[in-house]
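Enquirer: Residue numbers (the working numbering), protein chains in the order written: chain U, 11 to 315; chain V, 11 to 315. The beta-carbon is built from N, C-alpha and C at its ideal position, and this holds for glycine as well. Got a structure here, written out as structure tokens. Questions coming.
2 protein chains.
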Amino acid sequence: MTERNAVPLPLQDVTPTSDALECIEAHVSAGGSYRRYRHASKALGCDMTFGIFLPPQAVDALCPVVWWLSGLTCTDENFMQKAGAHRVAAERGIILVCPDTSPRDTGIESDDDPLYLGAGAGFYLNATQAPWQAHYRMFDYVTEELPELIRQNFPVAKRCSIMGHSMGGLGALVCGLRLRDRYCAISAFAPMAHPSSAPWGQAAFSAYLGNDPTLWLDYDPCVLVQEELSPADAIPILIDQGDADPYLDEQLCAEDFRDACLSANYPLTLRYQAGYDHSYFFVASFIEEHLHHHADALSKEDDTF
Amino acid sequence: MTERNAVPLPLQDVTPTSDALECIEAHVSAGGSYRRYRHASKALGCDMTFGIFLPPQAVDALCPVVWWLSGLTCTDENFMQKAGAHRVAAERGIILVCPDTSPRDTGIESDDDPLYLGAGAGFYLNATQAPWQAHYRMFDYVTEELPELIRQNFPVAKRCSIMGHSMGGLGALVCGLRLRDRYCAISAFAPMAHPSSAPWGQAAFSAYLGNDPTLWLDYDPCVLVQEELSPADAIPILIDQGDADPYLDEQLCAEDFRDACLSANYPLTLRYQAGYDHSYFFVASFIEEHLHHHADALSKEDDTF
């Protein structure tokens, strides 16, 4: 009548080796371990929080990381709570890391900030304009500082890949296309795929990078995908886009990215999903296929630094 | 390069037939449809909100309902957002219905109410004591009024079953054990399994039902499971309980319910899950097995009213 399941928790021994990380929350989940950590970020000049899911395989093996970048107004928690990703990550032996979407409490944000600026809206770029440039350096944070912190403290393989939603889908495309030797695969849910020509992207880029659109090129997937490369350098990209997404035409512009990929002969799988909107119900509906996309690409890579 | 997936949305035609239901939110999810409705409840004397997930099979078939009852402080939304239940419900052709956890805005709740009383803490019982008795009649609401509303407005089969978490696990056990000809199966995550002997249960029962513990018997699973029945009337019960749940010993008392079932020779599957706590990460980790428990039991029943 009563069953006591085998203890799956030598993962408790998989703990950070440095004092730089403060664990603020921990849950056993899907046979693995989900935790949130706070740390002082040098790149951003403030304390930051991130979430990490360690699959059961992390007990005695190095596991590849799939990075998740969230969208406007999110924190490190939305994806981990709502996407239903732990089950598949546990199956495939994937570590998931989800950073916050911006610096917080830097003193330069205000309650009057529009949706696309300030706290919750870092756009995963390095700001160059006042008052943002001292703290808003999320590109460096998610591609350099945080990966190094993760490497130092968790059993991660060299292999990694990146995905995200909306503003985070933009971030995933930008990070992945700019650092093609770093990430094995890219995927995105309803990404802001052509920010230079969309209202929120233009407004954010103007504030963070200045009004000259030539300063925005490094953060626009439609530009980055056209940079010359050998076919061997093309990282597989999977994009799911709900066709009932209210932001599709004005802010997300999936067709522009499709045209840019076609023009550059860059391999893209863009799927329009009938009836789906911009919510986490959409993300949760297809997260399993995205994680398999990443796990399949990661399994082709070698496993050492 | 671009795929357009087949439209799965004749579900849009599966809409309420009465004006009594106001749709306040709708998302395509896992190939089905998740919606929230507001309606005026006669049993509770206030407006109520519930969530419903319709699987794709509901387009042209009657589908069984699995009821979900949530825990203290929850609304109708937590389960639908965090449990990851839509995928499996879509696979198995199950309709999920999640009521709110109490009446709201009745004027008798106060900001000083403790966790276990008032808004968010209806305990799925019919209160008999002032000031609660006029509105706090959640047993009637979840077993009579709301099922009838669902039957009138959605393509539901006669078959149904019930599950829940914490206070909602208590509710599922009470509803299932009291109405054994109604529900085909019961399951619970970390239920308040012996409320008459636990602090929150005692405090809530005293306020809602009066101080005499003999008045509480109809709402205590440890009592209800001992009511005489033929073996054919035993509804299969599955309980998962995290062994790192901070409320286990004082508030939940799984061992008391195990002992009561043993004493009554009532078939129970009680599983202690090593390392798991009381959170929705625990629920999401085992929801698939619970839904299969229900779907298997429901598939044995006939399909007509």
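Would Cys185 (chain V) and Tyr146 (chain V) qualify as a contact pair, given that the criterion is a beta-carbon distance under 8 Å?
Expert: Not closer than 8 Å, so no.
Enquirer: Name the residue from V:Ala200, V:Ala129 and V:Val293 whose alpha carbon lies nearest to the alpha carbon of Leu54 (chain V).
Expert: Looking at the Cα atoms, V:Ala129 is the closest of the given residues.
Enquirer: Report the residue from V:Ala140, V:Arg48 and V:Ala99 whose alpha carbon sits nearest the alpha carbon of Arg114 (chain V).
Expert: Comparing Cα-Cα distances from Arg114 (chain V) to each of V:Ala140, V:Arg48 and V:Ala99, the minimum goes to V:Arg48.
Enquirer: Residues in the same chain with beta-carbon distance under 8 Å from Val166 (chain U), minus the five sequence neighbours each way, listed in chain order, please.
Expert: Answer for Val166 (chain U): Leu72, Cys73, Pro74, Val75, Ile105 and Ile160, listed in chain order.
Enquirer: Out of U:Leu258, U:Leu225 and U:Asn163, state which residue places its alpha-carbon closest to the alpha-carbon of Pro209 (chain U).
Expert: Of U:Leu258, U:Leu225 and U:Asn163, the residue nearest in Cα terms is U:Leu258.
Enquirer: Can you name, in chain order, every residue of its own chain whose Cβ lies under 7 Å from the Cβ of Val17 (chain V), other than the five neighbours on each side?
Expert: Any reading at Val17 (chain V) must be qualified, since the residue scores a pLDDT of 47, below 50, and its modelled position is unreliable; the value itself is stated next. There are no such residues.
Enquirer: Going by C-alpha to C-alpha distance, which of V:His300, V:Leu262, V:Thr85 and V:Ile62 sits closest to His288 (chain V)?
Expert: Nearest C-alpha to His288 (chain V): V:Leu262.
Enquirer: Please report how far the alpha carbon of Asp281 (chain U) lies from the alpha carbon of Cys33 (chain V), in whole angstroms.
Expert: According to the sequence provided, residue 281 (chain U) is Arg. The question's Asp does not apply to it. Going by the C-alpha atoms only, they are around 29 Å apart.
Enquirer: For the putative contact between Phe63 (chain U) and Ser80 (chain U), defined by C-beta atoms under 8 Å, what is the C-beta separation to the nearest angstrom?
Expert: About 14 Å separates the two Cβ atoms, so there is no contact after all.
Enquirer: Find the nearest neighbour of Arg45 (chain V) within the set V:Thr59, V:Ser51 and V:Ser171, judged by alpha-carbon distance.
Expert: Here the closest residue by C-alpha is V:Thr59.
Enquirer: Please identify, using Cβ separations under 8 Å, the residues of the region 35-56 of chain U that lie next to chain V, in order along the chain.
Expert: Listed in sequence order: His37, Val38, Ser39, Ala40, Gly41 and Tyr44.
Enquirer: Taking Cβ-Cβ distances shorter than 7 Å, what residues in chain V pair up with Arg286 (chain U)?
Expert: For the record, residue 286 (chain U) in the displayed sequence is Tyr; it is not Arg. Going along chain V in sequence order, the residues near Tyr286 (chain U) (Cβ under 7 Å) are Val38.
Enquirer: Could you tell me the distance, in whole angstroms, from the CA atom of Arg188 (chain V) to the CA atom of Ala203 (chain V)?
Expert: Roughly 15 Å separates the two Cα atoms.
Enquirer: Suppose you measure from the CA of Trp78 (chain U) to the CA of Glu155 (chain U); what does that come to, to the nearest Å?
Expert: Roughly 15 Å separates the two Cα atoms.
Enquirer: Have a look at Val24 (chain U) and Pro109 (chain U) and give me their C-alpha separation to the nearest angstrom.
Expert: In a straight line, the C-alpha of Val24 (chain U) is about 20 Å away from that of Pro109 (chain U).
Enquirer: Consult DSSP for Tyr290 (chain V) and reduce its assignment to one of helix, strand or coil.
Expert: Three-state result, Tyr290 (chain V): helix.
Enquirer: Within 10 angstroms of the Cβ of Ala50 (chain U), are there 16 or more other Cβ atoms? Answer buried if so, exposed if not.
Expert: Exposed.
Enquirer: Please determine, among U:Pro157, U:Met177, U:Ser176 and U:Glu119, the residue with the shortest C-alpha to C-alpha distance to Lys2 (chain U).
Expert: This structure cannot settle anything about residue 2 (chain U), because the visible part of chain U is limited to 11 through 315.
Enquirer: Distance check for Arg102 (chain V) and Pro65 (chain V), CA to CA, integer angstroms please.
Expert: Roughly 8 Å separates the two Cα atoms.
Enquirer: Would you grab the beta carbon distance between Asp150 (chain U) and Asn136 (chain U) for me? Rounded to a whole angstrom, and I think it's under 8 Å.
Expert: Confirmed, about 6 Å.
Enquirer: Taking the alpha-carbon of Tyr290 (chain V) as reference, which of V:Ser112, V:Cys271, V:Leu31 and V:Ser176 has the nearest alpha-carbon?
Expert: Ranking the options by Cα distance to Tyr290 (chain V), first place goes to V:Ser176.
Enquirer: Just confirm the distance between the C-beta atoms of Ala8 (chain U) and Leu308 (chain U), as a whole number of angstroms; I'd bet it's less than 8 Å.
Expert: This structure gives no information on residue 8 (chain U), because the portion of chain U shown stretches from 11 to 315.
Enquirer: Can you name the residues of chain U whose CB is closer than 7 Å to the CB of Ser289 (chain V)?
Expert: Residues of chain U passing the Cβ test: His37.
Enquirer: Is it true that the CB of His300 (chain V) sits closer than 8 Å to the CB of Ser2 (chain V)?
Expert: Past the boundaries of the shown model lies residue 2 (chain V); chain V is included only from 11 to 315, so the question cannot be answered.
Enquirer: Measure the Cβ-Cβ separation of Val235 (chain V) and Ala270 (chain V) and say whether it is below 8 Å.
Expert: Yes, Cβ-Cβ distance for Val235 (chain V) and Ala270 (chain V) is below 8 Å.
Enquirer: In the region 72-95 of chain U, which residues sit with their C-beta less than 7 Å from some C-beta in chain V, listed in chain order?
Expert: Flagged, chain order: Gln91, Lys92 and Gly94.
Enquirer: Under 8 Å Cβ-Cβ, which residues of chain U neighbour Ser7 (chain V)?
Expert: The first residue shown for chain V is 11 and the last is 315, placing residue 7 (chain V) beyond what the model contains.
Enquirer: For the alpha helix (DSSP H) containing His96 (chain U), name the first residue and the last one.
Expert: His96 (chain U) -> alpha helix (DSSP H) spans His96 to Arg102.
Enquirer: Residues in the same chain with beta-carbon distance under 7 Å from Ala305 (chain U), minus the five sequence neighbours each way, listed in chain order, please.
Expert: Only Arg102 and Ile104 meet the Cβ criterion.
Enquirer: Phe315 (chain V): buried (16+ other C-beta within 10 angstroms of its C-beta) or exposed?
Expert: Reliability of the predicted coordinates at Phe315 (chain V) is poor, the pLDDT of 47 falling under 50, and no value is obtained from them.
Enquirer: Is the CB of Arg102 (chain U) under 8 Å away from at least one CB in chain V?
Expert: Closer than 8 Å: no.
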